Structures are given as C-alpha cells and as structure tokens.
Amino acid sequence: MNSCTKLDPKLYSDLTTKNAYSTESDINAALTGVYTSLSPYPGDAYLYYAGYLVMITDYATDIGFSTAAGDPTRMSNFTYDDNNRYFKFNYQNMYQVISNANMLIDRIESVTIPDDRKKKIIAQARFLRSLSYMDLTDAWGPVPLITTVKNPTESYNEPLVAVEKIDAQIAEDCQYAIDNLPEKWSDELGIGRATKGAALTLMGKMYMRSHNYEKAKTYIDQVLALRDKGVYTLNPDFKKEWSDNNKMDMGLIFGILHEPTLNGGEITNHF
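Taking the working numbering, I'd label the letters of the sequence shown as residues 21 to 291.
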C-alpha cells in the first residue's frame, strides 16, 4: 500500500503580532481594533462602554441601586466578591484596550507612514489608553501600570501602582494627544474619533479628581474656547440628541458609536 503524496498542506497565511503590522492599512485596522475594544462583543453583552461601565460607576455608589438580585444587587448592598461579572469583565476589558494600544504604539514605529499621520494614530491610541487608565483608577484606585507589550502566554505578577503615578502617565498621554490631534476630523475619516477637545477634557477631569483645580481650569478653559469657536454646540432640543439621524451630536466631546442591529440592547431601559 502506497501512502498519499499530494496531501501536504499549503500555507496561505501566517499572521502573527510580528508581521500583522506591516502597512499603513494594517495600522489603521489595528487602531480600529483599539476603538472596538471600548465596546466589545455585539448584542446584550454590555461589556465596558456598552453598559458594564455604568454598573460600576452607578450601582456601587449612592447614584444607583438594584433589587433585581444577582450581581447588580450584590454591588448595591456591598456583598460582591472578585467573581462579580461587572467588576471582572470591566477590569479585563479595560486592560484589553490598554494592551491593544500598547501593541499599536510599539509596532507603528517600524511602519513607513507619513509623520503627521503617524503622530495622529499614536495620539489616538495614547488617548484611549489614558481613558482606560482613568476608568480603572476611578473604580479601583491603585492598579498595575503597563505601557509596554507583554507576552500573553506568560504569567505576570504586576505590582499595584499609586494613582498619582498613573495620573502622571495619563497626563503624558493626554498631552501628546492634545499636541497631535485635530479639533475636528474631516468627514471622510468618519466620526467618533478622539480629538484635541477630548484629550483636553480628560486632562481636566484627571486634575479635578486630584483636586488640582487651578491646573484643571487651564484645560477646561481650552475646551470652552473650542465651544466658542463652534466646535461644540449644545442641542436646543434635548430629545434629538440621540436620534437616529444624529449620529454624533455637536454637544458630545467624545462618544462611542453603536449600531442597534449589531450592538444594541435594552440596558438603557433600566435608567
């Protein structure tokens, strides 16, 4: 009996983190992936900015309260543990944003892209990283500070880092974003991207949190100046702010876009 000689598999692709970031198109796809990490999974998954973030900012405070049993009620009456899905998945998803941003920032340096476009991509990634660190420290206080690429197959025991040190990283990332992001993006580049105003706002919020009100005012005043230039405008009809034909209201400084058929849900019915 003869063995087969024509069954050698043909390798059509060999995509790894080392070769996946080769062109500007690859980098832009990776940047989309960082944004997508803010609202992972479709439907009623609710993860991170799709809903779970609201749970840890509201249900674990006196802003909201749940009597629906399960994890929401455990958050309201402070009987939760580290298996609570709202804390667990938020924590994981926030670090997924950070991991994806770190990978993009690391890999983009070896890709040939015009300098101005490269800086704008890095600035968006650094803003998204700083946003996740702001959310992490708002909820947990000291957390691991990771700004480099880590091998996911290895085990790490990262130390908790003081909020003040993480704030310094947030400030550094936001300042880079302020210096390199536009006030508005052109229509062909789409809506929902981080802007200079978003970075200024995050910087102001971070200094407000640390009670450095004088420094916070310097950044919030710059946001108000953008409003005075017409970059931001409050909608005179509040009911139309989230209407179907108003994808990104002029009053929103930064928002996450959702498609009802892909990642809609009924979580807003609870508020």
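Note that beta-carbon positions come from the ideal geometry of N, C-alpha and C, so glycine has one too. Note that the structure is a prediction, hence the values are computed from the model and not measured.
- With respect to LYS216, ILE198 sits close: the two C-beta atoms are nearer than 8 Å.
- Judged by DSSP secondary structure, TRP160 falls within the alpha helix (DSSP H) whose first and last residues are 135-160.
- Inclusion of ILE211 and LYS267 in the CB contact set at 8 Å is warranted, their separation being smaller than that value.
- Under the 10 Å beta carbon count, ALA89 is surrounded by fewer than 16 other beta carbons and is classified as exposed.
- Between the stretch 175-187 and the stretch 234-250 there are fewer than three C-beta pairs closer than 8 Å, too few to call the two in contact.
- ASN48 and ASN97 have their C-alpha atoms spaced approximately 44 Å apart.
- Rounded to whole angstroms, the separation of the alpha carbons of THR81 and ARG149 is 25 Å.
- Buried is the label assigned to GLN144, since at least 16 other Cβ atoms lie within 10 Å of its Cβ.
- Non-local beta-carbon contacts of ASN200 in its own chain, meaning distances under 8 Å to residues more than five positions away in sequence, involve LYS139, LYS140, ILE142, ALA143 in chain order.
- In this structure PHE107 is in contact with TYR100, their Cβ atoms being roughly 7 Å apart against a cut-off of 8 Å.
- Annotation: PHE258 is outside any alpha helix (DSSP H) and is labelled neither H nor E by DSSP.
- Leaving aside the five residues that flank TYR196 on each side, the residues in its chain whose CB is nearer than 8 Å to its CB run, in chain order, ILE142, ALA143, ARG146.
- Comparing alpha-carbon positions, the option among ASN104, PRO134, PRO172 lying closest to TYR115 turns out to be PRO172.
- One alpha carbon belongs to PRO202, the other to ARG213, and they sit about 10 Å apart.
- Looking at the DSSP output, VAL163 bridges to VAL181.
- Distance between ILE118 and THR167, taken at the CA atoms: about 8 Å.
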